[in-house]
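Residue numbers (the UniProt record's numbering): 1 to 269.
Below is the structure:
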């Protein structure tokens, strides 16, 4: 499913033209004068940069769309902070912000695993080494590179990772397997925690963030939360019929988008 979402997202962002240095400066000046549409245009024109950075950090544990959504937060921050007087291209300035957000997400994604203390400490050091190496190499480090960085044997690394695999497999959450209830089919008119969370964002930031979502996830959010106040919130079933997919798939799209927006509510000022 993620491959389809990724392909759709790539097709979506290709329609945004790249900017010249002069256009970037003009948009930056407009942003600092309060033009919210200029910020959206600057962000949209650099979404491909986020994809190129995110692809360097994809692993078996973390999917590319999670990294892209987190990188888009960094891009939005960069768009807010970039000033037309800077003697650099926006992409150069934004690169470090995007990378910083992605690496922080990777670090926070590392699960706590109940292991004997020595193995737990070894795993912590391995994951921190991987993060440091990813910053240096701009790619996923090999087992040999991690071992060399930590000055230990490759067998020590592989042994610790094998323990992690066993323990994390036991405790891992299983997404997308729960059955839909009747409540899932009913649109709740009262504000949910997610809706209240979205209200903590400025309107311009909500629009900027939602516009970076893949097409279908964006549609789900608009219909579920009635962003334009033109209709009652739709049920999962109504949206599934409109999009021609299952209600469970709609629910997973909603959860994925809300996870991204909840993070944004905390990180974006």
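Every residue, glycine too, gets a C-beta built ideally from N, C-alpha and C.
Local Cβ density within 10 Å of residue 316, reported as buried at 16 or more and exposed below that: Because residue 316 is not part of the residues shown, which for the chain are 1 to 269, the question remains open.
C-alpha distance - residue 44 paired with residue 210, whole-angstrom precision: Roughly 11 Å separates the two Cα atoms.
Exposure label - residue 21; buried when at least 16 CB within 10 Å: Taking all protein chains in view, the Cβ of residue 21 is surrounded by fewer than 16 other Cβ atoms within 10 Å, so the residue is classified as exposed.
Short Cβ contact (8 Å threshold) for residue 93 with residue 78: Contact flag set, yes.
Buried versus exposed, by CB contacts within 10 Å (16 or more), residue 3: So residue 3 counts as exposed.
With 16 other Cβ atoms within 10 Å as the buried cut-off, status of residue 99: By the neighbour-count rule (16 or more Cβ atoms within 10 Å), residue 99 is buried.
Bounding residues of the alpha helix (DSSP H) (the contiguous stretch that carries residue 108): In this chain, the alpha helix (DSSP H) harbouring residue 108 covers 90 to 109.
Reduced DSSP category for residue 4 - H, G, I as helix; E, B as strand; rest coil: Here residue 4 carries a helix assignment [DSSP, helix/strand/coil].
Nearest neighbour of residue 48, chosen from 234, 11, 240 and 247 [CA to CA]: Of the candidates 234, 11, 240 and 247, the residue whose Cα lies closest to the Cα of residue 48 is 11.
Candidates 221, 251, 215 and 208, of which the one nearest residue 80 by Cα: Nearest C-alpha to residue 80: 208.
Cβ neighbour criterion (16 or more within 10 Å) applied to residue 61: With fewer than 16 other Cβ atoms within 10 Å, it is exposed.
N-terminal and C-terminal residue of the alpha helix (DSSP H) that residue 214 is part of: First-last for residue 214: undefined, no H or E at that position.
Rounded C-alpha distance that separates residue 15 from residue 123: If I take the Cα positions, the gap works out to 43 Å.
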